[in-house]
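Note sheet for the following structure.
There are 2 protein chains.
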Amino acid sequence: MAVTANNGESRQPLSRDRILNAAVLLADRQGVEVLSMRRLGRELGVRAMSLYKHVANKDDVLDGIVDIVVSQIDLPPYGTEWRKAMGDRARSARQVFLQHPWIAALFESRLTRPQQTPVRLRYVNTLLGLLRQNGFSVSNAYRALLMIDSYLYGFTLQEVNWRLEDGNASRSEEETVHQVPMETYQYLFEIYTHLSSQNAGISTRLNTEFALGLELIFDALERLRENGTKFDSPDAPTPLPDSDGEDCKLQD
Amino acid sequence: MAVTANNGESRQPLSRDRILNAAVLLADRQGVEVLSMRRLGRELGVRAMSLYKHVANKDDVLDGIVDIVVSQIDLPPYGTEWRKAMGDRARSARQVFLQHPWIAALFESRLTRPQQTPVRLRYVNTLLGLLRQNGFSVSNAYRALLMIDSYLYGFTLQEVNWRLEDGNASRSEEETVHQVPMETYQYLFEIYTHLSSQNAGISTRLNTEFALGLELIFDALERLRENGTKFDSPDAPTPLPDSDGEDCKLQD
DNA sequence: ACCTGAACACCGTTCAAGT
DNA sequence: ACCTGAACACCGTTCAAGT
Chain A
365 MAVTANNGES RQPLSRDRIL NAAVLLADRQ GVEVLSMRRL GRELGVRAMS LYKHVANKDD
425 VLDGIVDIVV SQIDLPPYGT EWRKAMGDRA RSARQVFLQH PWIAALFESR LTRPQQTPVR
485 LRYVNTLLGL LRQNGFSVSN AYRALLMIDS YLYGFTLQEV NWRLEDGNAS RSEEETVHQV
545 PMETYQYLFE IYTHLSSQNA GISTRLNTEF ALGLELIFDA LERLRENGTK FDSPDAPTPL
605 PDSDGEDCKL QD
Chain B
365 MAVTANNGES RQPLSRDRIL NAAVLLADRQ GVEVLSMRRL GRELGVRAMS LYKHVANKDD
425 VLDGIVDIVV SQIDLPPYGT EWRKAMGDRA RSARQVFLQH PWIAALFESR LTRPQQTPVR
485 LRYVNTLLGL LRQNGFSVSN AYRALLMIDS YLYGFTLQEV NWRLEDGNAS RSEEETVHQV
545 PMETYQYLFE IYTHLSSQNA GISTRLNTEF ALGLELIFDA LERLRENGTK FDSPDAPTPL
605 PDSDGEDCKL QD
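So the protein sequences, as listed, match chains A and B. Adding 364 to a residue's 1-based position in the first sequence gives its number in the working numbering. Adding 364 to a residue's 1-based position in the second sequence gives its number in the working numbering.
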């Protein structure tokens, strides 16, 4: 009935940023599945077709909101000791992903694409740099990041699903355990029984699990680092001429 | 124009299995994004509405095809030494995922849901059992599976995207390296240069990387296993009365 | 019993037309 | 210059109607 739609400030002149921020907000509140061009237009007090002046298409919108999320991940400054740097970044990424759980649906084909936006190129370049400056060989830096990211993505993927699932209804292990036919799945039963006997809630437990797994991976990578290029193929060794030890800070 | 559509055997009387198998085939050939009820019906020589006699809705179809994929993963028999068991299963899962790359889009909210189908319950129950029978405490079995699965899902997720991306055009690192502004992203440049200097193709390299990361994780888990319940919360210890040592085989 | 036509409330996107 | 109406080719799903 009103000519200009829902929120008071919809008369700002529409821009890529305004569209993308509205998209993130909409996804946060309702999930990616309701994120359509038409709905997004409605949210901005405009018809869907108007959006196409500022974004190429829906794909562009999805890429854009992934970039917004990625840029919310704290990037450790060059010079940070690698365990702290990789740990801080992994923890920050996990927190950001949990704040925007819909991002899991975009992991596939967006977050981990090889052809990338500047935001994502800078992000992975910095992480590789941090590893290189801490004594990782080229291969091992690649290896380490691949391993940390695999763990980070895989863990968060599972975690987000569990939270979405029993989130609102707060269905806990205590209830789940009774839904599983225990004679058939004795080991699952055993786990659920064990988990529900613990005082810690699911959040606290997953925090602990994530941290522990990360430390185990870091321990493994530390051994890799010390062993240098031991696992590389024969033509690999070329250690960089250590072009920049510490003096190249990307951010504050 | 023909009354019964495309393939010769479309006059079999439509069943859940026939529908799900057609869905997997369609996804394999064209990707999940083209998998619609209407398209699926067309594929079976029938209108979309007919499908609703055999499947509840599209969600049911998607759950169904995930089950089909999961059931293609080889499940090691009880009694297998844990490193071999977990390694075989991870390698088999990876192969299956690479054969059905669209599965990555369903990782979110389907593969890792807590409320599960019998196929998936049996699958994870067996894996937990294998760990328990090899001396893992209840907590550590849970921990180990969470960690292995995180790595498996995360790694495969990234790998599938890379393959889909440069798959058909076979765009290799040699070409990618020239698209990245090397002054801005020196560490990325360094990696791409290094990777493209190796003789091994991307497939071979990722095989190696996957195997190496898996071994590093197994090494870490072996230490966890030996340390028993060291990382558990105080009320945890309860080791199972070893109800079945070896005599409970689930499969051939 | 099994299939379907028509309908409903949606999609993304284009393009000629309006202000 | 910026927005939009109408249109196209799609969605998932329901339900009364056909055979």
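In this text, a Cβ means the ideal position worked out from N, Cα and C, and glycines have one as well.
What is the DSSP secondary structure of residue i, reduced to helix, strand or coil?
i	result
serine 456(B)	helix
methionine 450(B)	helix
glycine 499(A)	coil
serine 414(B)	helix
aspartate 438(B)	coil
asparagine 571(B)	helix
glutamine 522(A)	helix
methionine 401(B)	helix
threonine 490(B)	helix
serine 473(A)	helix
serine 379(A)	coil
histidine 464(A)	coil
serine 607(A)	Bear in mind that the predicted position of serine 607(A) carries a pLDDT of just 38, short of 50, making it unreliable; the figure below should be weighed with that in mind. Three-state result, serine 607(A): coil.
glutamine 480(B)	coil
tyrosine 549(A)	coil
threonine 444(B)	coil
So residue i and residue j are supposed to be a Cβ contact under 8 Å. How far apart are they, rounded?
i	j	result
leucine 492(A)	leucine 475(A)	Leucine 492(A) to leucine 475(A), Cβ: 17 Å. No contact.
tyrosine 506(B)	valine 434(B)	Incorrect: roughly 19 Å between the Cβ atoms, too far for contact.
glutamate 579(B)	valine 502(A)	That belief does not hold up - the Cβ atoms of glutamate 579(B) and valine 502(A) are roughly 21 Å apart, past 8 Å.
Below 9 Å between beta carbons: does that hold for residue i and residue j?
i	j	result
leucine 629(A)	asparagine 504(A)	What is shown of chain A runs 365 to 616, which leaves residue 629(A) out entirely.
aspartate 573(B)	glutamate 472(A)	The sequence as given places glutamate at residue 573(B); aspartate does not occur at that position. It is not a contact, given that the beta carbons lie outside the stated cut-off.
asparagine 489(A)	glutamine 550(B)	yes
alanine 412(B)	leucine 404(B)	yes
arginine 453(B)	proline 440(B)	yes
glutamate 586(A)	arginine 447(A)	yes
alanine 584(B)	isoleucine 581(A)	yes
serine 521(A)	alanine 468(A)	The sequence shown places leucine at residue 521(A), not serine. Yes, the Cβ-Cβ distance between leucine 521(A) and alanine 468(A) is below 9 Å.
leucine 384(B)	isoleucine 429(B)	yes
glutamine 497(B)	aspartate 392(B)	no
lysine 417(A)	methionine 401(A)	no
arginine 455(B)	alanine 564(B)	no
Using a cut-off of 8 Å between C-beta atoms, extract the partners of residue i located in chain B.
i	result
isoleucine 383(A)	In chain order: nothing, as chain B lies at least about 23 Å away.
arginine 507(A)	Glu573, Leu576, Gly577
aspartate 583(A)	Ala584
glycine 518(A)	Asp513, Ser514, Tyr515, Leu516, Tyr517, Gly518, Phe519, Leu521
leucine 510(A)	Phe519, Gln522, Glu573, Gly577
Keeping to the same chain, check which residues put their C-beta closer than 7 Å to that of residue i; ignore five residues upstream and five downstream.
i	result
leucine 570(B)	Glu523
serine 414(B)	Leu378, Gly405
valine 460(B)	Val433, Gln436, Ile437
aspartate 427(A)	Arg474, Thr481
alanine 449(A)	Pro440, Leu494
glycine 499(A)	Arg589
glycine 592(B)	Ser501
Leaving out five residues before and five after residue i in sequence, what residues of the same chain have Cβ atoms less than 8 Å from its Cβ?
i	result
glycine 577(B)	Tyr515, Phe519
aspartate 381(A)	none
glutamine 562(B)	Arg569
Which residues in the same chain as residue i place their Cβ atom closer than 6 Å to its Cβ, once the five residues preceding and following it in sequence are excluded?
i	result
valine 425(B)	Ala387, Val419
threonine 481(B)	Asp431
glycine 395(A)	Trp466
Note down, in chain order, every chain A residue with its Cβ under 7 Å from the Cβ of residue i.
i	result
threonine 476(B)	Leu521, Gln522, Asn525
For a contact defined as C-beta to C-beta under 7 Å, what are the partners of residue i on chain B?
i	result
glycine 451(A)	By Cβ distance, chain B contributes nothing, its closest Cβ being about 16 Å from glycine 451(A), past 7 Å.
glycine 493(A)	Tyr551
histidine 464(A)	Correct list: empty, because the minimum Cβ distance to chain B is about 13 Å.
leucine 389(A)	Chain B residues near leucine 389(A): none, gap ~20 Å exceeds 7 Å.
Give me the chain B residues within the contact set of residue i, using Cβ-Cβ distance strictly less than 9 Å, ordered along the chain.
i	result
leucine 408(A)	Ordered by position in chain B, no residue passes the 9 Å Cβ test against leucine 408(A), which lies about 26 Å from the chain.
In chain A, which residues lie with their C-beta within 8 Å of the C-beta of residue i?
i	result
phenylalanine 461(B)	Residues of chain A passing the Cβ test: none, with the nearest at roughly 11 Å.
isoleucine 555(B)	Leu492, Val502, Ala505, Tyr506
valine 488(B)	Leu552
arginine 496(B)	Tyr551, Glu554
glutamate 472(B)	Ala468, Ala469, Phe471, Glu472, Leu521, Val524, Asn525
Given 8 Å as the limit, tell me if residue i has its C-beta closer than that to any heavy atom belonging to the ligand COA.
i	result
arginine 527(A)	The ligand COA is absent from the structure shown, which contains no ligands of any kind.
Residue i touches chain A at which residues, Cβ-Cβ below 9 Å?
i	result
leucine 485(B)	Val544, Pro545, Thr548, Tyr549, Leu552
leucine 399(B)	Near leucine 399(B) there are no residues of chain A at all, since even the closest Cβ is about 15 Å away, more than 9 Å.
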